[in-house]
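In the working numbering, the protein residues as written are 17 to 403.
Even for Gly, the Cβ is constructed at its ideal location relative to N, Cα and C.
The structure presented is a predicted model; accordingly, all values stated were derived computationally and were not measured.
Everything on this sheet refers to the single structure shown next.
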Amino acid sequence: MEINTFEDVAEVMPLVECLGGITDPRMEGKNAHLLIDILVISICAIICGAEHWTEIEDFGKCKKKWFSSFLKLPNGIPSHDTIGRVFALIDPKQLQQCYVEWIQEFMKGVDVHHICLDGKTVRGSRHAPDDKKPIHMISAYAHACGLVLTQEKVDATSNEITALPDVLKRLVLAGAIVSIDAMGCQSEIAKLVKAQGGEYVLSLKGNQGKLAQEVEHHFECAQRDRFVLLDHDTHNTVDRGHGRLETRRYDVIGDAGWLDPKKRWGGLAAVGRVVSTREVKSTGVKSKETRYYILSRRFTAKEFAKASRNHWGIENSLHWILDVAFGEDSCRVHAGCAAENFVVLRHIALGLLKQGGSIKRGIKTRRKVAGWDENYLLELLKADFHA
17 MEINTFEDVA EVMPLVECLG GITDPRMEGK NAHLLIDILV ISICAIICGA
67 EHWTEIEDFG KCKKKWFSSF LKLPNGIPSH DTIGRVFALI DPKQLQQCYV
117 EWIQEFMKGV DVHHICLDGK TVRGSRHAPD DKKPIHMISA YAHACGLVLT
167 QEKVDATSNE ITALPDVLKR LVLAGAIVSI DAMGCQSEIA KLVKAQGGEY
217 VLSLKGNQGK LAQEVEHHFE CAQRDRFVLL DHDTHNTVDR GHGRLETRRY
267 DVIGDAGWLD PKKRWGGLAA VGRVVSTREV KSTGVKSKET RYYILSRRFT
317 AKEFAKASRN HWGIENSLHW ILDVAFGEDS CRVHAGCAAE NFVVLRHIAL
367 GLLKQGGSIK RGIKTRRKVA GWDENYLLEL LKADFHA
């Protein structure tokens with residue numbers, strides 16, 4: 017399909033239709049450039065490698081002929097100052113809502129079996145002259161399809177605990193496993209996951225002092241007695257590569273409801289333990305780490321191992337890519353709401369790039385090809401998440 021009108025692009029890119037509902041934050045008479053033009057140009061530019069407002073402007077100018085075929089551009093390509101000012105003013109809640117509606121539409125019928133929640137600090141958003149701290153965002157990541165389902169900025173005077181419930185309430189959790197690191201190991205969060213039909217795998221550390229101590233002691237006693245008369249399952253894995261040998265033992269003990277006599281945790285059913293041993297072959301140096309978890313159902317050890325390993329996918333397949341491929345931590349955008357809005361734009365771009373289209377290469381290569389080939393860029397905009 018050729019793109020000849022704005023209606024054409026809305027047809028092939030439903031996101032554009034969602035974005036059309038965002039309120040223009042500028043005063044009447046101060047909007048020489050249409051808001052939708054700024055949004056579409058910015059998203060396309062970020063897909064193709066832009067990391068700042070100046071690069072978005074440059075990309076728009078290089079692709080002006082193509083953009084002019086379907087955008088109105090009444091006063092040409094907006095300047096980087098205009099683009100930055102607009103994103104500093106756009107209500108991030110509105111942009112966030114558009115993103116959620118878009119993702120939910122594409123995710124219909126997709127089995128979201130495992131949702132990982134984790135936070136990331138956007139370090140470049142710090143602005144020392146204004147004593148502005150870097151923003152911290154929590155993302156809900158669907159492991160199976162590699163998509164961010166929603167995200168939430170943590171209030172500067174708070175922490176992840178207060179933001180996590182807002183994220184969870186926007187998700188469809190029925191039948192899904194939800195994994196959260198130790199910060200999210202809170203009884204109210206566990207009950208919220210269960211109330212929405214999900215199951216939880218929560219990392220347990222010192223922030224739940226008594227419970228953590230009881231679970232650790234339970235495993236120590238169980239191992240000493242060789243897990244006799246306990247509902248126990250174990251699974252071992254060995255990974256070799258890059259000069260390292262890593263072994264992991266996963267243990268699950270069921271019938272753990274006695275750990276929660278007051279039913280504070282919304283159905284705590286089992287506990288898990290991961291013992292990781294790592295050896296560097298060149299030096300012979302060994303290290304050992306033990307992590308404990310509370311589980312809302314009696315997973316098998318293999319299921320628990322998969323959930324535990326999958327959770328770290330949000331680090332390797334989202335946070336790492338955002339830093340290395342998208343330069344998120346080095347981006348100095350900070351004015352107004354711009355940093356938060358830029359995070360959502362990156363997630364939109366990454367979501368489209370992960371679908372890949374006809375190019376079976378890494379994210380870095382796909383971004384380059386999209387910049388070179390307008391047909392491939394259009395293919396990404398038309399990406400079918402159901403494929």
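Helix, strand or coil at residue i [DSSP, three-state]
| i | result |
| --- | --- |
| P41 | coil |
| D389 | coil |
| L396 | helix |
| M199 | helix |
| H159 | coil |
| D171 | coil |
| E117 | helix |
| V217 | strand |
| S292 | strand |
| C132 | strand |
| V32 | helix |
| V268 | strand |
| T421 | Nothing can be reported for residue 421, as the shown portion of the chain is limited to 17 through 403. |
| E67 | coil |
| A323 | helix |
| V254 | strand |
Buried/exposed call for residue i, threshold 16 Cβ in 10 Å
| i | result |
| --- | --- |
| A160 | exposed |
| G36 | exposed |
| R280 | exposed |
| K370 | buried |
| V32 | buried |
| C15 | The question about residue 15 has no answer here: the residues shown for the chain are numbered 17 through 403. |
| E73 | buried |
| N332 | exposed |
| G288 | buried |
| H233 | exposed |
| S155 | buried |
| S174 | exposed |
| M153 | buried |
| Q229 | exposed |
| K136 | buried |
Spatial distance of residue i from residue j (CA atoms)
| i | j | result |
| --- | --- | --- |
| Q167 | K304 | 33 angstroms |
| K318 | W118 | 34 angstroms |
| V209 | W336 | 27 angstroms |
| G343 | R377 | 19 angstroms |
| E395 | S374 | 8 angstroms |
| A403 | K124 | Confidence at A403 is low in this model, with a pLDDT of 46, below 50, so its placement is unreliable and no value can be given for it. |
| E295 | L261 | 5 angstroms |
| R265 | K169 | 35 angstroms |
| I205 | N252 | 30 angstroms |
| P41 | V138 | 24 angstroms |
| D249 | D267 | 6 angstroms |
| V188 | G300 | 47 angstroms |
| L121 | L165 | Correcting the residue type first, residue 121 is Glu in the shown sequence and not Leu. When rounded, the distance between both Cα atoms is 11 angstroms. |
| T263 | S292 | 6 angstroms |
| P108 | E67 | 19 angstroms |
| E245 | I177 | As written in the sequence, residue 245 is Leu, which differs from the Glu given in the question. Each residue's alpha carbon lies about 37 angstroms from the other. |
Same chain, Cβ closer than 8 angstroms to residue i, five either side skipped, listed in chain order
| i | result |
| --- | --- |
| G76 | I57, A61, F83, I93, P94 |
| N91 | A48, H49 |
| E390 | K79, W82 |
| V385 | I375, R377, Y392 |
6 angstroms CB neighbourhood of residue i in its chain, flanking five on each side removed
| i | result |
| --- | --- |
| S408 | Past the edges of the chain, shown from 17 to 403, lies residue 408, and the structure says nothing about it. |
| I196 | L133, L218 |
| L180 | G200, I205 |
| G140 | D345, S346, C347, R348 |
Sequence-distant residues of its chain with Cβ nearer than 7 angstroms to residue i (five each side left out)
| i | result |
| --- | --- |
| A198 | S219, L220, K221, N223 |
| V183 | L133, I154, A156, T166, E168 |
| R186 | V116, T166 |
Across the stretch 348-365 and the stretch 99-111, are there enough close Cβ pairs to call them in contact, namely three or more that are closer than 8 angstroms? Yes, the stretch 348-365 touches the stretch 99-111.
**Message:** Under 8 angstroms: do the stretch 213-229 and the stretch 310-327 share three or more Cβ pairs, one atom per stretch?
**Reply:** Yes, the stretch 213-229 touches the stretch 310-327.
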